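Residue numbers (my numbering), protein chains in the order written: chain A, 422 to 786; chain B, -1 to 647.
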Amino acid sequence: MERRLWQHLDRPLLLAVLALTGVGLATIYSVTWNLATGAPGAEFWRQVYAVPVGLVALVALVLVDYRILAQRSPLLYVAMILALVAVMAFGVEAKGSRRWVNLGVGSLQPSEFARLALALILAMAYGDARRGARSMGELLVGALVLAPAFILIFLQPDLGTASMLLPVYFGIAYMAGLRMRWVVGAVVVAALLSPVVWTYGLQDYQKGRVMTFLDPYQDPKGAGYQQIQARVTVGSGGLLGKGFRQGTQGAYRFLPEGHNDFVFAVLAEEQGFVGVIVVLGLYLFVIWRSLEAARLARDRVGAFLVVGLVSWFLCQVVYNITMQAGLVPVKGLTLPLMSYGGSSLVATLAGFGLILNVRMRRFTN
Amino acid sequence: MVRPDASGAFSDRQNTESRLVGLRAISLVLFVFLAVAFWVLQVLQYSEHRERAKRNHTRTLSLLAPRGVLFDRHGEVLVQNRRSFRIAIVREPATDVPASIRRLAAITHADEAHMLAIVQRRKSDPLFRPIAVIENATDAQVAAVVAQQLELPEVVVEQVPTRTYPDGGLAAHLFGYVGEVQPAQLLRSEFARLSQGAIVGQAGVEQVYNTLLMGTDGNRFVNVDSRGREVEELQRRDPVDGQRVQLTIDADMQRALEEAFRADGYNGAAAFIDPASGEVLALTSLPAYDPNDFAAGISSAVWQALNADPLRPLGNRLIQGLYMPGSTFKIVMAIAALEEGIITPDSVIGCRGSGVFYGRSFKCWNTAGHGAMTLRHALEQSCNVFFYTLGERMNIDTINKWAAKLGLVGKTGIDLPQENASFMPSTAWAARTRSGGRWYPGETISVAIGQGAVSVSPLAMAMMMVTVGNGGTLQTPHLVKAVDRGKGWEPVPAPGPRSSFVMAPDHLAAVREGLWMAVNTPMGTATRRGKIEGKDVSGKTGTAQVISNDNKAAAKAAALAAGRNPAVFDDHGWFVFFAPRDTPEVAGVVFTEHSEHGYLSAPIAKHVMETYFAKKEGRPLPVYQSPAAPAQNVVGPVSAGVPARGGGR
């Protein structure tokens, strides 16, 4: 590796990413703090151990030129599909779904890595081949690539993670020239069809879930519970927050999953609106800085790859944080970089390795 | 190797850049939206969410204050507290309270409907406050709940102080009982700081001295987690125990009294009082209840049984029962006649077995006649004709005046709840209540032997003996000797006497001697059953008719025919007394229901007084020998042939 390359490493982006990882660790430390033992919970330490693994993955994906990775992406994609099939076959079942494979030293969630392979192969498909995404046929090629991964993850079942492959596809298609009037048209059609779907397409329990979201107080101890408690958790933080380890909603489990899906609510509770603004600022900075990498990329493959990853990151971050405010239905989606979960952290850091990679190599041939 | 792009950079960079601007714009809009959303939640709606979060995790749990311990006059503990468990339900974390109760009922075998009713009654309580549904839980129930704690986090076990009374319902009507404060009581200022479910005295000393005994509950402010489990204690305010109260009661006399009643198989009432002060040494009313049944919430079955019992064990006969005094009233007549100058101690009145007063014949119980006798012998042998004659010489208002001076009118003023006033007729009363407005002098003749429109409580009779015993001071009976407000015992000043007069010494001596003879001579109506060697017990027997003698035989026959106990028509027996004769230390009354004869009350009084003297003199306490059967060598006829008007002896 040339020394010149390292000069182009985007240090501010890397620092912001590490800062968010650190904030996440601190929040997990706080919310899992056990008064009886005077120590943070096991989740904190497991997350700590995931950081070096994630950093190794990041460095590895910085070192290898992204164009090589893009060229090998069909291979990577097939490997990923096989991994997902392996999950179906040998996966560990937990909470009614089969998402993990046990590797002996720890468990791995292959679906978290699916988007990396997908972003690489789609970036290559639309970027390297100079193919656009202007016609239906062109769009369909990407959709066919997406489909096997989406279906396999959907069947685990993990609708949340599967859905989060869509931004990767649409982000890259958008860059490849997806016509905006199709997007507008699709939205209009969906809006017009929604009453029909409501009447004929949804089961009663699904309708109930929607109703609960619209009015969580219909079932404050059941389905509406998390939504209500998330709002209480966030709102009770106030401007300045209750202070580190002073939170009650997450620490006493009134809000479940305070270290995981709802880590941001706990941050909002303990660090207040000020902490929220700082972290939102960091996320926005990460997104803008990453998009800058796309702008500077020396080729379409690099730019598309970055946009595919950033689109996913943007969607999942925004959905998760909106969920903390109780404004979208609760879905089991982590907050990238901050939530508990080794696979998610490693895959996210690896993704940023690719983004750093693209920017670093903007002048190379 | 990397394949270089044909153009070096990509050709449609312009288009790419505009699309990237679009992405930035979208992300900026989304993040501004998020910032606004959090601003609304965290700043604009802060206080609302802060309150909700606080309600989530903080609980104020009461620490119940133990009620004050009750001591007897010598420092023996009478009523104290033990720790008991109760099982409560907290509705807030419960998703389905009836289901939780059903589950709780299944594992504890407790009455589900009863528990539901309790929760229903307390439905306006704050949701976080535990509602006790099983009081005085057994070890098995506690173990069952603890074992199911994970499945039933809304059910909690609390340790609470619970009142314990002496075994067997000793002095039940003295102590009274405790129970949940009633909704109506909560409106009274005395209970203003209490909340529903608080335990307060509902009868007896527990009720009258509730403010002293109750103490102040403490609080614990705790953080709980989402399952309602306590995580940490934030603040604690310890409860303040109720004040210790020393009663005037002597525990040994109290035990002796009830032991004797039970050995003889009588219901009734009794009081033993220090005539110098009005301090009550022992008192009882039987049948009674067991205050322990109330201590941890009385079961509805026990409560209904107590209320339905025809013997009315919840009523305190000593202060609520009103009865004809019978021959014991002759003491009032004697003192009235002496003090009014109607007779002297040596005046002689003859008895030929009956006498004609106001044109009507009144019989003595001894139809053979007592012959000529002075007041002493008239008291000794309870001669009716002697006292009819005194009744003829005094009007009802004079008798009323002296009855009042001796405590037989109105309430005694004892510090127990719901006392009934004793009653003596008067011309004013007749004018006020009768259609004709008249009091007939002939009625005064009946009153002279304690019959007719006279009704007194047993305690009033005891106060009469207190007054005779101390020579004219009508003390106020009272139960509390000292209170410990946390700084050692402070004596509680005795309530002043209700009234007093000074009896002429020769009058007093004559009455006391007649009463002494009634107990100590072979001719005395108490048939020496109350006699204690060397203690000069002085007293008087009497019977209170349940039904007039004219109708008694018919009523008993009818009851027998209907399969009911005819004994309910038998007369009640009075024995009033003091001892020693010249310097009385103890005075009082023993009233036995349906014993037929006053002298059958005397052994009970004797046993308690013997206990008193033995204790005072450091001798072993006596053991009660119940008279196996009514003595055969009774002096004089008993019931057969006793004429109407003039039953009493």
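Beta carbons: idealized from backbone N, C-alpha and C, even for Gly. Keep in mind that this is a model prediction, so the values were computed, not measured.
Using a CB distance cut-off of 8 Å, Ala544(A) does not count as an interface residue toward chain B. Taking the CA atoms as reference points, Gly774(A) sits about 5 Å from Leu482(A). One alpha carbon belongs to Lys604(B), the other to Ala269(B), and they sit about 13 Å apart.
Between Gly563(A) and Tyr595(A), the C-beta gap is not smaller than 8 Å, which leaves the two residues out of contact. Rounded to whole angstroms, the separation of the alpha carbons of Leu68(B) and Asp239(B) is 12 Å. Burial is judged here by how many other beta carbons sit within 10 angstroms of a residue's own beta carbon; Phe384(B) has at least 16 and is buried.
Scanning the segment 379 to 448 of chain B from its first residue to its last, the whole alpha helix (DSSP H) runs of 4-plus residues come out as 382 to 391, 394 to 403, 425 to 431 and 439 to 445. Close partners of Trp709(A) in chain B (Cβ separation under 9 Å): Arg22, Ser25 and Leu26. Contact note: Thr14(B) reaches chain A through Met596 and Ala724, using a C-beta cutoff of 7 Å and chain order.
It is roughly 15 Å from the alpha-carbon of Gly548(A) to the alpha-carbon of Leu730(A). Within 8 Å of the CB of Ile449(A), no CB atom of chain B is found; the nearest one sits about 18 Å away. Not flagged as an interface residue toward chain B: Gly517(A), since no C-beta distance is shorter than 8 Å. Within the segment 198 to 231 of chain B, contact with chain A at the beta-carbon level (separation under 8 Å) is assigned to Asn221, Val222, Asp223, Ser224, Arg225, Val229 and Glu230. Taking a C-beta cut-off of 9 Å against chain B, the contacting residues of the segment 635 to 662 of chain A are Lys642, Gly643, Ile649, Gln650, Arg652, Val653, Thr654, Val655, Gly656, Ser657, Gly658, Gly659, Leu660 and Gly662, listed in chain order.
For Gly313(B), the closest C-alpha among the options Gln12(B), Asn265(B), Arg350(B) and Gly351(B) is that of Asn265(B). Nearest to Val687(A) by alpha-carbon distance, out of Ile742(A), Val472(A), Pro588(A) and Val631(A), is Ile742(A). Across the segment 417 to 450 of chain B, no CB contact with chain A closer than 9 Å is found for any residue. Among the CB atoms of chain B, none fall inside 8 Å of the CB of Val485(A).
Interface with chain A (8 Å Cβ-Cβ cutoff): Arg48(B) is included. Proximity of Ile593(A) to chain B, defined by a Cβ-Cβ separation below 8 Å, is not satisfied. The C-beta of Arg191(B) has fewer than 16 other C-beta atoms within 10 Å across all chains shown, which makes the residue exposed. Counting C-beta pairs with one atom in each stretch, the segment 392 to 401 of chain B and the segment 416 to 429 of chain B have three or more that are closer than 8 Å, which means they touch. A residue is called buried when at least 16 other Cβ atoms come within 10 angstroms of its Cβ; Val34(B) does not meet this threshold and is exposed. Contact between Thr209(B) and Pro237(B) does not hold, since the beta-carbon distance rounds to 16 Å and is not under 8 Å. The Cβ atoms of Ala491(A) and Ala437(A) lie no closer than 8 Å to each other.
In terms of beta-carbon proximity, Leu18(B) lines the interface with chain A, with at least one pair separated by less than 8 Å. With its beta carbon less than 8 Å from one in chain B, Val739(A) belongs to the interface. Within chain A, the C-beta atoms nearer than 8 Å to that of His55(B) come from Thr669, Gln670, Tyr673 and Phe675, in chain order.
Looking from the CA of Ala258(B), the closest CA among Lys614(B), Thr58(B) and Leu598(B) belongs to Leu598(B).
Looking at the DSSP output, Gly369(B) shares a beta bridge with Cys349(B).
Interface residue (Cβ-Cβ distance to chain B less than 8 Å): Val728(A) is classified as such. Positions of the beta strand (DSSP E) runs, each at least 3 residues long and wholly inside the segment 123 to 204 of chain B, are given as 129 to 132, 153 to 162, 176 to 178 and 197 to 199 in order along the chain. Residue state for Arg234(B) is assigned as strand, using DSSP reduced to three classes. Counting of Cβ neighbours within 10 angstroms places Phe511(A) among the exposed residues, the total staying below 16. Of the candidates Pro495(B), His570(B) and Ser345(B), the residue whose Cα lies closest to the Cα of Ile412(B) is Pro495(B). Leu42(B) sits away from Leu701(A), with the two beta carbons spaced by 8 Å or more.
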